[in-house]
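Take a look at the structure set out below.
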Amino acid sequence: MNREELLGLLVNNLKKAVPEFADDDLDTSKTYKELGVSSLELVEVVTRTTKELRLTLPFQELAKVRNTDDLADVILRLQQGA
């Protein structure tokens, strides 16, 4: 999966977790705080995504994530085994 496809998946899962975003074009560079995403909603996004990708995301990696771009970068790095 390339970065664009992954961002699409993450945005789709974010819209499922936060129904208010359903019709919005989300700026993936905005922080989750700026978007008003709660920690529980973020956990839902991560859980959905990691299940779909059959991937484990270590907590210490998740702690570094501030926005959807960051999350995509972490997942891609884990997929590449780096």
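Reading the sequence shown from the start, the letters are residues 5 to 86 in my numbering.
Yeah, the Cβ is synthetic: ideal placement off N, Cα and C, and Gly gets one too.
As the structure is a computational prediction, the values presented were derived from the model and not from experiment.
- Less than 8 Å separates the beta-carbon of Leu59 from that of Gln83.
- In the DSSP annotation of this structure, the continuous segment of the alpha helix (DSSP H) that includes Thr51 starts and ends at Ser43 to Leu57.
- The beta-bridge partner set that DSSP reports for Thr60 is empty.
- Under the DSSP assignment, Gly12 falls in the alpha helix (DSSP H) whose first and last residues are Arg7 to Ala21.
- Here Thr72 carries a helix assignment [DSSP, helix/strand/coil].
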